[in-house]
Structure formats: C-alpha cells, structure tokens
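Peer 1: To get my numbering, take the position in the sequence shown, counting from 1, and add 1.
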Amino acid sequence: IGSTELDTARRIIADSDTRLDVAGAWAVMQVELFTRLVGHASLGLIAARRRLPPEVLLPVFDRMVEEGFLTRHGSLLSHTDAGARE
Numbered sequence: 002i003g004s005t006e007l008d009t010a011r012r013i014i015a016d017s018d019t020r021l022d023v024a025g026a027w028a029v030m031q032v033e034l035f036t037r038l039v040g041h042a043s044l045g046l047i048a049a050r051r052r053l054p055p056e057v058l059l060p061v062f063d064r065m066v067e068e069g070f071l072t073r074h075g076s077l078l079s080h081t082d083a084g085a086r087e
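1. Alpha carbon to alpha carbon, how far is Val-23 from Arg-51? Give it in angstroms, no decimals.
2. Can you find the residues in the same chain that come closer than 8 Å, C-beta to C-beta, to Leu-39, ignoring five residues on each side of it along the sequence?
3. Compare the Cα-Cα distances from Glu-87 to each of Met-30, Thr-36, Arg-12 and report the closest residue.
4. Assuming Leu-71 is part of the beta strand (DSSP E), what are its boundary residues?
5. Please classify Gly-84 as buried or exposed, where buried requires at least 16 neighbouring CB atoms within 10 angstroms.
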C-alpha cells in the first residue's frame with residue numbers, strides 16, 4: 002500500500018463507526034474479501050496472496066478471534082456476528 006492509500010485507509014477507519022483499529026479492520030476485511038472471491042478464507046490463503054509468511058499475520062488474526070470478530074474452524078476463518086457488523 003502506498004502512502005496515499007494508507008492515509009486514505011486510516012481516514013476511512015477513523016471516520017467510520019468501527020471499533021476496530023487499522024490492523025483489525027484489515028484482517029476482518031481480508032476474511033470478507035476471500036470469502037466473497039473463493040468461498041472461504043484461511044490464514045495460509047491470505048498470507049500467500051499477500052506474499053507474506055503466515056507467522057507475520059497470525060497475531061492480528063488471533064487477536065480478532067480473541068476479541069470476538071472472527072472465528073477459526075480448523076484452518077478456516079469466518080466472521081462472527083460482531084465481525085460482520087464491522
């Protein structure tokens with residue numbers, strides 16, 4: 002993400018009514034994106050698409066599960082009701 006795009010993303014998140022921080026919003030949006038594109042989302046799929054080791058992304062996805070915005074069933078991630086609202 003370029004500097005301008007990152008600034009835009011931060012502004013959108015700040016101006017929205019979300020309870021999520023930038024990292025959390027990104028993680029929740031990735032689950033939405035991959036679920037729409039391929040019918041499911043997993044950490045491995047998201048990491049591969051972003052060309053990052055899964056370990057880099059794991060903390061934010063774990064946090065979103067702990068905070069109740071995502072659920073993990075095996076390797077698949079999905080939204081909770083709270084995550085879908087965000």
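Here a beta-carbon is modelled for each residue, glycine too, at the ideal position from N, C-alpha and C.
Since the model is a prediction, treat every value here as computed from it, not as a measurement.
Peer 2: So, from the data block:
1. 17 Å
2. It should be noted that the sequence gives Val, not Leu, for residue 39. For Val-39, where only same-chain residues beyond five positions count, the Cβ hits under 8 Å are Leu-46.
3. Met-30
4. 71-74
5. buried
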